[in-house]
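**Student:** Sharing a structure below in structure tokens format, with a few things to ask.
2 protein chains.
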Amino acid sequence: MLVDGKQMRPIWREKESTSVRVIDQRILPHELVVVDLNTVEDIIRAIKEMYVRGAPLIGVAGAYGVYLAALNVKGEAGGLGDIKEACDRIKQARPTAVNLGWAVDRVLEKINRIGNPSERVHAALKEAENIAEMEAENCRKIGENGLVLIEEISRNNGGNPVNILTHCNAGWLACIEYGTATAPIYAAFNKGVDVHVWVDETRPLNQGSRLTAWELAKHGVKHTVITDNAGGHLMQHGMVDMVIVGTDRTTCTGDVANKIGTYLKALAAKDNGVPFYVALPSSTFDWNLRDGIAEIPIEERDPDEVRFVHGLSEGSLRRVLVPPEQSAAANYAFDVTPARLVTGFITERGICRASEADIRKLFPEKFNTEAVDVN
Amino acid sequence: MLVDGKQMRPIWREKESTSVRVIDQRILPHELVVVDLNTVEDIIRAIKEMYVRGAPLIGVAGAYGVYLAALNVKGEAGGLGDIKEACDRIKQARPTAVNLGWAVDRVLEKINRIGNPSERVHAALKEAENIAEMEAENCRKIGENGLVLIEEISRNNGGNPVNILTHCNAGWLACIEYGTATAPIYAAFNKGVDVHVWVDETRPLNQGSRLTAWELAKHGVKHTVITDNAGGHLMQHGMVDMVIVGTDRTTCTGDVANKIGTYLKALAAKDNGVPFYVALPSSTFDWNLRDGIAEIPIEERDPDEVRFVHGLSEGSLRRVLVPPEQSAAANYAFDVTPARLVTGFITERGICRASEADIRKLFPEKFNTEAVDVN
Chain C
96 MLVDGKQMRP IWREKESTSV RVIDQRILPH ELVVVDLNTV EDIIRAIKEM YVRGAPLIGV
156 AGAYGVYLAA LNVKGEAGGL GDIKEACDRI KQARPTAVNL GWAVDRVLEK INRIGNPSER
216 VHAALKEAEN IAEMEAENCR KIGENGLVLI EEISRNNGGN PVNILTHCNA GWLACIEYGT
276 ATAPIYAAFN KGVDVHVWVD ETRPLNQGSR LTAWELAKHG VKHTVITDNA GGHLMQHGMV
336 DMVIVGTDRT TCTGDVANKI GTYLKALAAK DNGVPFYVAL PSSTFDWNLR DGIAEIPIEE
396 RDPDEVRFVH GLSEGSLRRV LVPPEQSAAA NYAFDVTPAR LVTGFITERG ICRASEADIR
456 KLFPEKFNTE AVDVN
Chain V
96 MLVDGKQMRP IWREKESTSV RVIDQRILPH ELVVVDLNTV EDIIRAIKEM YVRGAPLIGV
156 AGAYGVYLAA LNVKGEAGGL GDIKEACDRI KQARPTAVNL GWAVDRVLEK INRIGNPSER
216 VHAALKEAEN IAEMEAENCR KIGENGLVLI EEISRNNGGN PVNILTHCNA GWLACIEYGT
276 ATAPIYAAFN KGVDVHVWVD ETRPLNQGSR LTAWELAKHG VKHTVITDNA GGHLMQHGMV
336 DMVIVGTDRT TCTGDVANKI GTYLKALAAK DNGVPFYVAL PSSTFDWNLR DGIAEIPIEE
396 RDPDEVRFVH GLSEGSLRRV LVPPEQSAAA NYAFDVTPAR LVTGFITERG ICRASEADIR
456 KLFPEKFNTE AVDVN
């Protein structure tokens with residue numbers, strides 16, 4: 096998407112060099128720092144230390160890691176053993192990230208019968224780029240499908256902007272291009288629809304105020320940062336036309352795990368008749384789970400993420416401690432929004448309601464049970 | 096309440112001096128700074144710049160302001176004109192604070208027929224102290240009444256602590272003694288009931304993580320700071336036994352205006368069958384309002400409160416900017432929780448359900464209409 100008028104992605108290869116480049120997302124929005132990654136160790140550090148975050152981007156970074164592994168053993172005899180060992184280490188960088196293992200294995204599969212080292216490098220690079228393009232294309236389709244919903248609200252809105260609330264960052268920074276939750280917003284903006292985005296700051300790590308606000312500002316989309324507490328009040332007063340969020344994992348019955356606080360917004364949307372949509376590529380459905388609240392494990396992260404806030408102070412990046420030094424803090428990273436609160440899913444294949452029957456209609460091949468009458 | 100083992104209030108007069116002393120609440124929790132107030136101008140600055148906050152405390156500070164006005168004109172001829180002029184200036188320090196005008200007028204009423212300057216000072220001081228005691232006594236009774244609810248949960252809890260979630264600071268820092276939402280918690284703790292408090296950090300000004308956590312830590316009550324996003328997840332998983340919050344204004348039909356985000360917690364409590372109580376002195380009921388969402392005006396405050404976060408960095412108090420410099424922010428300070436989401440009110444006179452009929456039973460003298468069968 097656009098950054099100061101130029102097209103940019105969160106990861107790319109420089110044409111004139113062998114380096115992989117990424118935006119260091121820890122430092123946004125106050126500085127745009129691009130980091131060169133030249134070795135497998137660089138890739139692992141970038142994933143572990145969260146220069147890159149978001150399931151699709153982590154997968155693509157892992158895929159490029161296999162390319163760097165192939166590149167760096169190029170001159171050696173054998174090499175495939177070293178590459179496989181590197182792949183195992185990359186996959187361990189964030190063991191719970193499903194996309195990471197999948198993308199690494201996919202690149203490895205493409206090269207593990209190629210004996211010529213330089214052909215291997217070429218094939219690995221090509222497959223990493225294929226995966227990146229596939230992720231971008233899925234997001235483009237999500238945008239196209241969600242655009243219809245925004246255009247419909249716009250037509251009924253009497254010339255007023257369409258107010259869309261989003262939580263966390265499910266934008267292009269997490270997804271190569273377009274994003275998931277932001278894809279319909281960018282599609283509408285690019286088509287000239289008048290949109291305005293309420294950006295939840297998304298404590299504790301403030302991915303909304305740091306990353307989503309930065310993306311929208313750079314692309315030129317009107318937006319306003321609000322506290323995570325504010326959405327209910329806005330909805331009560333007719334100031335939100337729809338909510339669109341992303342998801343980290345969604346059951347085949349439609350329960351949605353996403354950044355902590357999503358559930359509270361879904362409750363408010365339901366209470367005020369505001370449509371609540373979840374945008375996701377079909378790879379985010381977990382076809383084996385049926386009860387999100389009971390079955391999806393919720394990661395507890397470092398309490399210091401709650402206790403400290405990072406930002407800019409007198410030109411330097413600093414962190415400040417907010418509560419008393421001796422007070423305990425707890426940091427649940429995700430929550431689960433039950434399907435009954437979700438209006439629908441926006442996927443690369445189309446839009447469906449948040450019920451197993453409707454998900455099944457859109458993705459019949461994912462259900463291995465006998466044919467069931469879903470009406 | 097206790098601070099490092101010693102009883103403390105947020106405002107008091109020193110025995111050996113004429114000064115009024117207050118805790119500078121802007122600096123908590125990282126430093127406990129006590130400020131001497133010696134003039135009407137000192138009082139006005141302390142109210143305007145929010146050294147003191149919370150309706151009861153602002154009222155008491157205003158009352159002490161009248162005492163300082165009387166003290167400082169003591170030697171002059173006449174003087175009452177000057178005192179009245181000072182009272183007007185004090186009331187203007189926060190014009191929307193109902194308690195401020197009420198308390199100032201009450202002290203002025205006590206002294207405006209006293210000709211002897213030193214008798215006037217004595218009477219003003221005594222009335223300011225009376226108002227402080229009345230506020231403390233109301234909170235003590237709220238605590239006593241709410242204690243019953245906590246004890247009941249404790250009896251049914253199989254020896255586990257009673258987990259209480261609260262939002263913002265409706266503690267003794269806002270209310271002279273005990274607080275409103277915290278009063279039942281302190282009463283239970285002081286009686287030996289095993290309580291644990293989930294403290295919402297309460298963005299944007301973090302009164303939960305800064306003030307409520309500090310109060311609870313100093314008094315020795317177990318507590319954990321959480322983001323405002325976390326409560327719904329905790330309630331889904333049975334980790335909250337009850338919610339108690341304060342209120343800035345409650346309609347006679349039971350709609351509750353309180354710090355932004357309260358409504359979201361009330362929705363989650365309802366969705367999970369968790370009792371949601373509002374603790375308030377009867378002076379906080381607005382007997383003239385019937386529809387909170389339509390009729391209670393919601394203050395919009397400085398967006399910089401959302402953009403910047405204050406805390407401790409390398410031993411100094413600093414503020415950090417979180418979102419991009421150019422991103423707009425909005426700062427709605429309160430929201431309204433409809434009566435249908437409130438389990439009950441804990442008042443100085445007892446507990447009632449959140450319906451006009453039940454409020455009417457507890458405060459029949461406040462309803463000037465003809466007798467109505469409230470059953």
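Which chain is which? The protein sequence lines are C and V, in order.
One gets this note's numbering by counting positions in the first sequence from 1 and adding 95 to each.
One gets this note's numbering by counting positions in the second sequence from 1 and adding 95 to each.
Cβ coordinates follow ideal geometry from the N, Cα and C atoms, glycine included.
Let me check understanding here. Comparing Cα to Cα, which of V/V193, V/D200, V/W267, V/N194 lies closest to V/E180?
**Tutor:** As a first step, residue 180 of chain V is located in the second sequence; it is residue number 85 there, counting from the start. Considering only alpha carbons, the answer is V/D200.
**Student:** Please report the distance separating the alpha-carbon of V/I138 from that of C/N264.
**Tutor:** In the second sequence, residue 138 of chain V corresponds to position 43, counting from 1. In the first sequence, residue 264 of chain C corresponds to position 169, counting from 1. Taking the straight line from one Cα to the other gives about 45 Å.
**Student:** Given a threshold of 16 other Cβ atoms within 10 Å of its Cβ, counted over all protein chains shown, does C/W382 qualify as buried or as exposed?
**Tutor:** The residue you call residue 382 of chain C lines up with position 287 of the first sequence. So C/W382 ends up on the exposed side.
**Student:** Which residues, in order along the segment 302-314 of chain V, keep a beta-carbon less than 9 Å from a beta-carbon of chain C?
**Tutor:** Listed in sequence order: G303, S304, R305, A308, W309, L311, A312, K313.
**Student:** Taking the straight line between their C-alpha atoms, what separation do you get for V/G439 and V/G149?
**Tutor:** To locate residue 439 of chain V, count along the second sequence from 1; it is residue 344. To locate residue 149 of chain V, count along the second sequence from 1; it is residue 54. The alpha-carbon atoms of V/G439 and V/G149 are separated by roughly 22 Å.
**Student:** Whole angstroms is fine: what's the gap from V/F458's alpha carbon to C/V257's?
**Tutor:** By 1-based counting over the second sequence, the position of residue 458 of chain V is 363. By 1-based counting over the first sequence, the position of residue 257 of chain C is 162. Each residue's Cα considered, the two are about 45 Å apart.
**Student:** Given that C/Q421 touches chain V, what residues does it touch there, using C-beta distances under 7 Å?
**Tutor:** The residue given as residue 421 of chain C occupies position 326 in the first sequence. Within chain V, the residues near C/Q421 are A312.
**Student:** In chain V, which residues lie with their C-beta within 8 Å of the C-beta of C/R298?
**Tutor:** The residue labelled residue 298 of chain C in the question sits at position 203 within the first sequence. Simply E296, R298, T322, D323, N324.
**Student:** Relative to the alpha-carbon of C/N367, which residue among C/Y358, C/V335, C/D386, C/G387 has its alpha-carbon at the smallest distance?
**Tutor:** Translated into positions along the first sequence, residue 367 of chain C becomes position 272. Closest by alpha carbon: C/V335.
**Student:** Within this structure, are the beta carbons of C/T322 and V/P299 separated by less than 7 Å?
**Tutor:** Sequence index remark: in the first sequence, residue 322 of chain C carries index 227 (1-based). Sequence index remark: in the second sequence, residue 299 of chain V carries index 204 (1-based). Contact flag set, yes.
**Student:** Got a sec? Which residues, its chain only, sit under 7 Å from V/I355 by beta carbon, not counting five neighbours each side?
**Tutor:** The residue you call residue 355 of chain V lines up with position 260 of the second sequence. Only Y427, A428, F429, D430 meet the Cβ criterion.
**Student:** Just the Cα atoms here: how many angstroms apart are V/V469 and V/E460?
**Tutor:** Counting from 1 along the second sequence, the entry for residue 469 of chain V is found at position 374. Counting from 1 along the second sequence, the entry for residue 460 of chain V is found at position 365. Interpretation of V/V469 is limited by its pLDDT of 46, a score under 50 that renders its predicted location unreliable; no figure is taken from the coordinates.
**Student:** Examine chain C for any beta-carbon lying closer than 7 Å to the beta-carbon of V/S408, and answer yes or no.
**Tutor:** As a first step, residue 408 of chain V must be located in the second sequence, where it is residue number 313. Chain C contact via Cβ: present.
**Student:** With DSSP as the reference, identify every bridge partner of V/M37, one or two as the case may be.
**Tutor:** No information on residue 37 of chain V is available, as it lies outside the stretch 96 to 470 that chain V covers here.
**Student:** Report the option in V/R121, V/V128, V/A156, V/I118 whose CA atom is closest to the CA atom of V/T134.
**Tutor:** Indexing the second sequence from 1 puts residue 134 of chain V at position 39. Nearest C-alpha to V/T134: V/A156.
**Student:** Exposed or buried, V/E222, counting other C-beta atoms within 10 Å across all chains shown (16 or more means buried)?
**Tutor:** Within the second sequence, the letter at position 127 stands for residue 222 of chain V. Buried: at least 16 other Cβ atoms inside 10 Å.
**Student:** What separation, rounded to the nearest whole angstrom, lies between the Cα atoms of V/L97 and C/Q331?
**Tutor:** Position 2 of the second sequence, counting from 1, holds the residue named residue 97 of chain V. Position 236 of the first sequence, counting from 1, holds the residue named residue 331 of chain C. For V/L97 and C/Q331, the distance between alpha carbons rounds to 40 Å.
**Student:** Give me the Cα-Cα distance between C/N251 and V/H405, rounded to the nearest whole angstrom.
**Tutor:** Along the first sequence, read from residue 1 onward, the residue named residue 251 of chain C stands at position 156. Along the second sequence, read from residue 1 onward, the residue named residue 405 of chain V stands at position 310. For C/N251 and V/H405, the distance between alpha carbons rounds to 42 Å.
**Student:** So what does V/Q102 bridge to, in DSSP terms?
**Tutor:** Within the second sequence, residue 102 of chain V is the residue found at index 7, counting from 1. Answer is V/L97.
**Student:** Just the C-alpha distance for V/V467 and V/G387, rounded to the nearest angstrom, thanks.
**Tutor:** If you number the second sequence from 1, residue 467 of chain V lands on position 372. If you number the second sequence from 1, residue 387 of chain V lands on position 292. Legend: pLDDT at V/V467 = 49, less than 50; position of this residue unreliable, value from coordinates given subsequently. If I take the Cα positions, the gap works out to 22 Å.
**Student:** Quick one, are the C-beta atoms of V/I178 and V/A164 less than 7 Å apart?
**Tutor:** The count along the second sequence starts at 1 and reaches residue 178 of chain V at position 83. The count along the second sequence starts at 1 and reaches residue 164 of chain V at position 69. Closer than 7 Å, so yes.
**Student:** Give the interface partners of V/Y427 over in chain C, defined as CB-CB distance under 7 Å, in chain order.
**Tutor:** Counted from its first residue, the second sequence places residue 427 of chain V at position 332. Here the neighbours are A325, H328.
**Student:** C/D295 by DSSP, collapsed to three states: which one?
**Tutor:** By 1-based counting over the first sequence, the position of residue 295 of chain C is 200. In this structure, C/D295 counts as strand in the three-state DSSP scheme.
**Student:** For a contact meaning CB atoms closer than 8 Å, what does V/Y358 contact in chain C?
**Tutor:** Position 263 of the second sequence holds residue 358 of chain V. Correct list: G327, H328, Q331, A363.
**Student:** Please report the straight-line C-alpha distance between V/E465 and C/V351, rounded to a whole angstrom.
**Tutor:** Looking up residue 465 of chain V in the second sequence gives position 370. Looking up residue 351 of chain C in the first sequence gives position 256. Only weak support is given to the placement of V/E465: the predicted model assigns it a pLDDT of 49, under 50, and the value that follows is read from those uncertain coordinates. About 52 Å.
**Student:** Exposed or buried, which one is V/P190 when buried takes at least 16 other CB atoms within 10 Å?
**Tutor:** Taking the first residue of the second sequence as position 1, residue 190 of chain V is located at position 95. By the neighbour-count rule (16 or more Cβ atoms within 10 Å), V/P190 is not buried but exposed.
**Student:** Please classify V/L127: does DSSP put it in a helix, a strand, or coil?
**Tutor:** What you label residue 127 of chain V is simply residue 32 of the second sequence in a count that begins at 1. DSSP places V/L127 in coil when its eight states are reduced to three.
**Student:** Under 7 Å Cβ-Cβ, which residues of chain V neighbour C/T319?
**Tutor:** Reading the first sequence from its first residue, position 224 is the one you call residue 319 of chain C. Going along chain V in sequence order, the residues near C/T319 (Cβ under 7 Å) are A423, A424, A425.
**Student:** Using a Cβ-Cβ distance cut-off of 7 Å, determine whether V/D453 contacts chain C.
**Tutor:** In the second sequence, residue 453 of chain V corresponds to position 358, counting from 1. Chain C contact via Cβ: absent.
**Student:** Alpha carbon to alpha carbon, how far is C/I85 from C/R305?
**Tutor:** The structure shown does not extend to residue 85 of chain C, since chain C is modelled only from 96 through 470, so no value can be given for it.
**Student:** Using a 10 Å radius around the Cβ and a threshold of 16 neighbouring Cβ atoms, would you call V/D55 buried or exposed?
**Tutor:** Since the first residue shown for chain V is 96 and the last is 470, residue 55 of chain V is missing from the structure and cannot be characterised.
**Student:** Tell me, please, whether the CB atom of C/L97 is closer than 7 Å to any CB atom in chain V?
**Tutor:** Position 2 of the first sequence, counted from the first residue, corresponds to residue 97 of chain C. With 7 Å as the cut-off, C/L97 does not count as an interface residue toward chain V.
**Student:** At a CB-CB cut-off below 7 Å, which residues of chain V make contact with C/R385?
**Tutor:** Taking the first sequence and counting its residues from 1, one reaches residue 385 of chain C at position 290. Chain V residues near C/R385: none, gap ~17 Å exceeds 7 Å.
**Student:** Is V/D482 buried or exposed, if buried means 16 or more other CB atoms sit within 10 Å of its CB?
**Tutor:** Missing from the structure shown is residue 482 of chain V; chain V here goes from 96 to 470 and no further.
**Student:** Please confirm if C/R396 has its CB atom under 7 Å from at least one CB of chain V.
**Tutor:** Position 301 of the first sequence, counted from the first residue, corresponds to residue 396 of chain C. No, no contact with chain V.
**Student:** Specify the secondary structure class of C/F462 as computed by DSSP and reduced to three states.
**Tutor:** Start at 1 with the first residue of the first sequence, and residue 462 of chain C comes out as number 367. Note: C/F462 maps to coil in three-state DSSP.
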